[in-house]
């Protein structure tokens with residue numbers, strides 16, 4: 003059966019299906035949250051003083067490059083990819099309907 007023909011799920015578009023069916027469904031609707039949380043954590047953890055306990059642990063985990071030098075652009079790109087997926091769903095009309103708060 004072709005994706006979306008079972009009546010349960012919509013087929014993935016180009017943005018959400020960029021990594022194939024399995025990984026596309028796994029990340030579908032989660033990319034923006036992963037990107038935003040990762041960006042915030044990277045920003046906060048990059049400000050931890052080196053002399054503190056957490057700073058010493060971070061220094062052993064990322065000794066040469068540090069955390070924010072490579073992680074921040076990756077998380078920002080994941081956030082942008084998530085927004086593109088949302089725009090695609092809205093353009094195709096496959097976004098889930100809003101939930102009423104009754």
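In the numbering used here, the protein residues as written are 3 to 104. All C-beta atoms, glycine included, are put in the ideal place defined by N, C-alpha and C. Everything numeric in this text was worked out from a predicted model, so none of it was measured.
CB contact check: residue i to chain D, cutoff 8 Å
i          : result
residue 74 : The structure shown contains no chain D, having only a single protein chain.
Residues of its chain near residue i, where Cβ-Cβ distance is below 7 Å and the 5 sequence neighbours each way are ignored
i          : result
residue 35 : none
residue 33 : 80, 83, 84 and 87
residue 99 : none
residue 30 : 14 and 18
Sequence-distant residues of its chain with Cβ nearer than 8 Å to residue i (five each side left out)
i          : result
residue 86 : 17
residue 51 : 57
Terminal residues of the alpha helix (DSSP H) in which residue i lies
i          : result
residue 40 : 33-47
residue 24 : 23-29
Rounded distance between the beta-carbons of residue j and residue i, thought under 8 Å
i          : j          : result
residue 26 : residue 37 : Going by Cβ atoms, the distance from residue 26 to residue 37 rounds to 16 Å, so no, they are not a contact pair.
Residue environment, residue i, which counts as buried when at least 16 other CB atoms sit within 10 Å
i           : result
residue 24  : exposed
residue 101 : exposed
residue 77  : buried
Sequence-distant residues of its chain with Cβ nearer than 6 Å to residue i (five each side left out)
i          : result
residue 74 : 44
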